[in-house]
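2 protein chains.
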Amino acid sequence: MDPQSLLARRTQVFGAGAALFYETPLNIVRGEGVYLFDADGRRYVDLYNNVPCVGHGNARVADAMARQQATLNVHSRYLHDGVILFAERLVGLQEARLESVVFSCSGSEANEVALQIVRIATGKRGVVCTNAAYHGSTETLGAVSYLGRRKRPSDEVRTFPFPETFRPLAAAGGDPAEPYLERLRVAIEELEGTGAGFAGLILCPLFANEGLPDIPRAFLRRASDMVHAAGGLVIADEVQAGYGRTGRWWGHDGTGLAPDVVVTGKPMGNGLPLAATFTSRDLIDRFRARTRYINTFASTPLQAAVGMAVLDVIEEDGLLENAAKVGAALKQALEQRRSRWPRIGDVRGAGLFIGVEMVAEGQDPSPDLGLAPDPALAVEIVERLKDRGFLTSNAGAHGNVVKIRPPLVFSHQNAADFLEAFDATMAEIGG
Amino acid sequence: MDPQSLLARRTQVFGAGAALFYETPLNIVRGEGVYLFDADGRRYVDLYNNVPCVGHGNARVADAMARQQATLNVHSRYLHDGVILFAERLVGLQEARLESVVFSCSGSEANEVALQIVRIATGKRGVVCTNAAYHGSTETLGAVSYLGRRKRPSDEVRTFPFPETFRPLAAAGGDPAEPYLERLRVAIEELEGTGAGFAGLILCPLFANEGLPDIPRAFLRRASDMVHAAGGLVIADEVQAGYGRTGRWWGHDGTGLAPDVVVTGKPMGNGLPLAATFTSRDLIDRFRARTRYINTFASTPLQAAVGMAVLDVIEEDGLLENAAKVGAALKQALEQRRSRWPRIGDVRGAGLFIGVEMVAEGQDPSPDLGLAPDPALAVEIVERLKDRGFLTSNAGAHGNVVKIRPPLVFSHQNAADFLEAFDATMAEIGG
Chain D
1 MDPQSLLARR TQVFGAGAAL FYETPLNIVR GEGVYLFDAD GRRYVDLYNN
51 VPCVGHGNAR VADAMARQQA TLNVHSRYLH DGVILFAERL VGLQEARLES
101 VVFSCSGSEA NEVALQIVRI ATGKRGVVCT NAAYHGSTET LGAVSYLGRR
151 KRPSDEVRTF PFPETFRPLA AAGGDPAEPY LERLRVAIEE LEGTGAGFAG
201 LILCPLFANE GLPDIPRAFL RRASDMVHAA GGLVIADEVQ AGYGRTGRWW
251 GHDGTGLAPD VVVTGKPMGN GLPLAATFTS RDLIDRFRAR TRYINTFAST
301 PLQAAVGMAV LDVIEEDGLL ENAAKVGAAL KQALEQRRSR WPRIGDVRGA
351 GLFIGVEMVA EGQDPSPDLG LAPDPALAVE IVERLKDRGF LTSNAGAHGN
401 VVKIRPPLVF SHQNAADFLE AFDATMAEIG G
Chain X
432 MDPQSLLARR TQVFGAGAAL FYETPLNIVR GEGVYLFDAD GRRYVDLYNN
482 VPCVGHGNAR VADAMARQQA TLNVHSRYLH DGVILFAERL VGLQEARLES
532 VVFSCSGSEA NEVALQIVRI ATGKRGVVCT NAAYHGSTET LGAVSYLGRR
582 KRPSDEVRTF PFPETFRPLA AAGGDPAEPY LERLRVAIEE LEGTGAGFAG
632 LILCPLFANE GLPDIPRAFL RRASDMVHAA GGLVIADEVQ AGYGRTGRWW
682 GHDGTGLAPD VVVTGKPMGN GLPLAATFTS RDLIDRFRAR TRYINTFAST
732 PLQAAVGMAV LDVIEEDGLL ENAAKVGAAL KQALEQRRSR WPRIGDVRGA
782 GLFIGVEMVA EGQDPSPDLG LAPDPALAVE IVERLKDRGF LTSNAGAHGN
832 VVKIRPPLVF SHQNAADFLE AFDATMAEIG G
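These protein sequence lines are chains D and X, in that order. The numbering of the first sequence is the numbering used here, which starts it at 1 and goes up by one. The numbering of the second sequence is the numbering used here, which starts it at 432 and goes up by one.
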């Protein structure tokens, strides 16, 4: 099909507003490692897709998938070794108290389970999230998503401003974490006041949707202490942050955040729908007793075989180390470019998850200077990088962050190629 | 692993109460067509699983899955021919006004989309469902599931008793549909009274979870007329009822129900997580404009390739015809057994979806006789059939219906083998 008729037919069958990337959408037909190929055979370096974490078209994953689908793929109400071994292996990657798991098919389903666990455990309904979070597409998760932009929170939800050091809230006492902790404290208090009560806090430990900010030191540890002191539970939504993305298994590793529930999704199955919610045996038992939760396509031999293959590749090919090393080098290289192109306001991130914040002014970041986010510039860079064969997107609370989040097999050479394209793009637009 | 340690490890990692079938759970390791095999090599005829609709381990589906996963499996924000062709083919199986589709990964996700569509379209929140429906595992869908059993409906939900001719509500005027329509009318009226307003009715056209009842003639047509007259929309939850199960594509075909939204799931991917919500272009556009719905694992080349392969097998192998013919013969044979074993209260269903209702008394069904449902007997039959190598389950509002819902490749010989086992079981327990 030619691109125009493809687009028209897509709009008819999926509706207007079915999201597409780029001004002229790509017609991608094949993937291999970090590369995507369009219908004309043009090659793109993929710096966007975290789902195919071990690479597009990974043969070991495809083989495991084919073998298991041809052997057995059935629901979870029969015993099956493979499913249990996969669950045990994943639980082994978590802190000891997160000893049990509920599998599902998407981050949305897994976050639904997480909220239900927290609400059942506490007997309360109220949840705190940030003002620019996204946690999923169900009605319940819609209530804790995009609250800063278009909606007033319901009686069961309160927000606090996501913590950041780039445009920080003014801190009277000098500790930049304080104003955010204070807003969190107020949010908890307000929920107690609505009658919903305070059930817990849900957040992405990297605040990925918010724009991957650097956050005030110790904020996550102190926030989780505050939640626990108030009788609430902490949900770490690791759907984007986890599974080796940062060079560690989980985005909250080393932050002091002590989650009671951990949610993971996107990269688990290299494209097979697969997600999971981890918590204590006690909370899982109470969740199961109350809900009799069943998920037809989850906890299947197919999910287990594919999930195991993905873990095998991550471990055997050293992809955490790769993410840490290549990511650190790429981040450093991008940081060095700030002096050359002042409209790069900030470079942030960990491992192979990097955000480049574009601003309208060129000065050093400071709240007093009122550095304006420049989403149009971010979009322009994303478009021009795409024209050069490099796929990124723009993200963040202001839409002005160029988001770099490639498959974990992204190499030093890929990074070097990208930097060349980035430099040419910035030079072109007069950075 | 030996069964006991497998079970203990499963309970630890998934929690107590993670559902298992049968008193002594099966350890299934392989599937082929209508057969499942346990770790000891014992063969079972599968009369339960509707998900592997074209047969366990179907090679054409596994091949299509492997080929696409090795070629490309990526999210839906690039153009892709395969995804559009699959969507168009599915829409072609629907009535003309259901011209657009939203893909997702599970029946729960697809019913979530359906409810959101209906609520956005009407600007109202209130939904009517039956008193024994199950529509999914999210919080929102939990509010329209199992309401007769354990919960009071929220302000946004009202129930009506599922229609049936076996234990009918008393009909003053003689028309057995009337009392159910009256209760539906009251439910709609009450929702208008709560301030939620009336958004729509959600039902499974076969009332599968309710126990697959025979329903009063014209009830579905008149119910959908009533909903439309009240300004509401009708959601047909075809997750169990649809995709050829009845020998027709959709459970509501020929019933007079005029759904505004159709939801399908389980069998679409022969085990790959895949579900869909169909509605008009206008309603899809309004849904997309409001929600900017994204589903990472849905509308992918993998879903499309696998879904296409399933449709190919269904059509090329004539599985609708097979379901109609084998199902009709099996139902007739079971009906004939009612005179021999009076504890078979009723035999119901369409195509390869049959329910055998077990009762404590042997008389002909009549509300005055108060024929008591006998769930313990149904469970005993299910267990003994399993011991003989035939897998069924018990279902229905009273848990007393032996549920027969095999893969669509179930043959006349499979039916004959099952009937032999069924007769032996009934003889053993003294019918």
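The beta-carbon is built from N, C-alpha and C at its ideal position, and this holds for glycine as well. In this text the structure is predicted, and so the values were computed from the model without any measurement.
Can you tell me the Cα-Cα spacing of residue i and residue j, whole angstroms?
i	j	result
D:VAL45	D:TYR35	5 angstroms
D:PHE198	D:GLY142	18 angstroms
D:THR159	D:CYS204	14 angstroms
X:TYR792	X:GLN671	Checking the sequence, you will find Glu at residue 792 of chain X rather than Tyr. In a straight line, the C-alpha of X:GLU792 is about 30 angstroms away from that of X:GLN671.
D:ALA59	D:THR71	18 angstroms
D:ILE404	D:VAL127	30 angstroms
D:PRO435	D:PHE86	Since the displayed chain D opens at 1 and closes at 431, residue 435 of chain D lies outside it and no answer follows.
D:THR277	X:ASN753	40 angstroms
X:TRP772	X:GLY472	33 angstroms
X:LEU438	X:GLU454	12 angstroms
X:LEU750	D:ALA329	57 angstroms
X:SER568	D:ILE120	14 angstroms
X:GLY685	X:VAL840	23 angstroms
X:ASP424	X:LEU524	As displayed, chain X neither begins before 432 nor continues past 862, which places residue 424 of chain X out of reach and without an answer.
X:VAL741	X:SER842	18 angstroms
X:ALA755	X:ARG679	8 angstroms
D:TYR146	D:THR165	21 angstroms
Name the residue from the options whose alpha carbon lies nearest to the alpha carbon of residue i.
i	options	result
D:PHE219	D:HIS56, D:GLY211 and D:LEU206	D:LEU206
D:VAL29	X:ASP471, X:MET496, X:ARG474 and X:TYR509	X:TYR509
X:ALA720	D:SER5, D:ARG9 and D:ALA16	D:ALA16
D:VAL263	D:GLU316, D:VAL234, D:ILE84 and D:ARG248	D:VAL234
D:ALA172	D:ALA187, D:GLU182, D:GLY351 and D:GLY242	D:GLU182
X:THR442	D:MET65, D:LEU352, D:HIS80 and D:PHE37	D:HIS80
X:VAL588	X:GLU609, X:ARG598, X:LEU600 and X:GLY626	X:GLY626
D:GLY371	D:VAL382, D:PHE390, D:GLU316 and D:ARG343	Note on residue identity: the sequence assigns Leu, not Gly, to residue 371 of chain D. Measuring from the Cα of D:LEU371, the nearest candidate turns out to be D:ARG343.
D:LEU90	D:ALA275, D:LEU391 and D:LYS124	D:ALA275
X:ILE745	X:MET432, X:GLY464, X:CYS484 and X:GLY462	X:CYS484
D:VAL124	D:GLY193, D:ASP175 and D:LEU98	For the record, residue 124 of chain D in the displayed sequence is Lys; it is not Val. Nearest C-alpha to D:LYS124: D:GLY193.
X:LEU816	X:SER537, X:LEU688 and X:ILE860	X:ILE860
X:ALA564	X:PHE849, X:VAL833 and X:ALA826	X:ALA826
X:VAL549	X:ALA618, X:VAL787 and X:PRO690	X:PRO690
X:LEU546	X:LEU529, X:GLU526 and X:VAL575	X:VAL575
Could you tell me the boundaries of the alpha helix (DSSP H) in which residue i lies?
i	result
D:ASN394	Run containing D:ASN394: none in the alpha helix (DSSP H); it sits in the beta strand (DSSP E), 393-395.
X:GLY817	It should be noted that the sequence gives Lys, not Gly, for residue 817 of chain X. Start and end: 806-818.
X:PHE853	843-859
D:SER104	Looking at the DSSP string, D:SER104 is not in any alpha helix (DSSP H); the run it does join, the beta strand (DSSP E), is 100-104.
D:ARG67	59-71
X:LEU771	Checking the displayed sequence, the identity of residue 771 of chain X turns out to be Arg instead of Leu. Element bounds for X:ARG771: n/a, residue is neither H nor E.
X:VAL658	650-660
X:ARG520	512-522
Taking DSSP's pairing of strands, which residues face residue i in a bridge?
i	result
D:VAL262	D:ALA236 and D:PHE278
X:LEU783	Answer is none; X:LEU783 lacks a bridge partner.
X:LEU750	DSSP lists no partner for X:LEU750.
D:LYS403	D:GLY355 and D:SER393
X:ASN701	X:LEU703
By Cβ distance below 6 angstroms, which residues in the same chain neighbour residue i in space, the five residues on each side in sequence not counted?
i	result
X:ASN726	SER535
X:SER531	ARG712 and ILE715
D:PHE297	CYS105
D:VAL191	The question names Val, but residue 191 of chain D is Leu in the sequence shown. The answer, listed in chain order, is GLY126, ARG158 and PHE198.
D:ARG97	SER280
If you follow the beta strand (DSSP E) that residue i is part of, which residue opens it and which one closes it?
i	result
D:THR159	157-160
D:ALA298	Unbroken run through D:ALA298: none, as it is neither H nor E.
X:ARG474	474-477
D:ALA199	198-203
X:VAL558	557-561
Output yes if chain C places a C-beta closer than 7 angstroms to the C-beta of residue i; else output no.
i	result
D:ASN394	Any reference to chain C falls outside this structure, whose protein chains are D and X.
Can you list, in chain order, the residues of its chain whose CB lies under 8 angstroms from that of residue i, leaving out five sequence neighbours each side?
i	result
D:ARG388	ALA421, ALA424 and THR425
D:THR291	GLN116 and ILE120
In its own chain, which residues sit with a C-beta less than 7 angstroms from the C-beta of residue i, not counting the 5 before and 5 after it?
i	result
D:ASN73	THR300, PRO301 and LEU302
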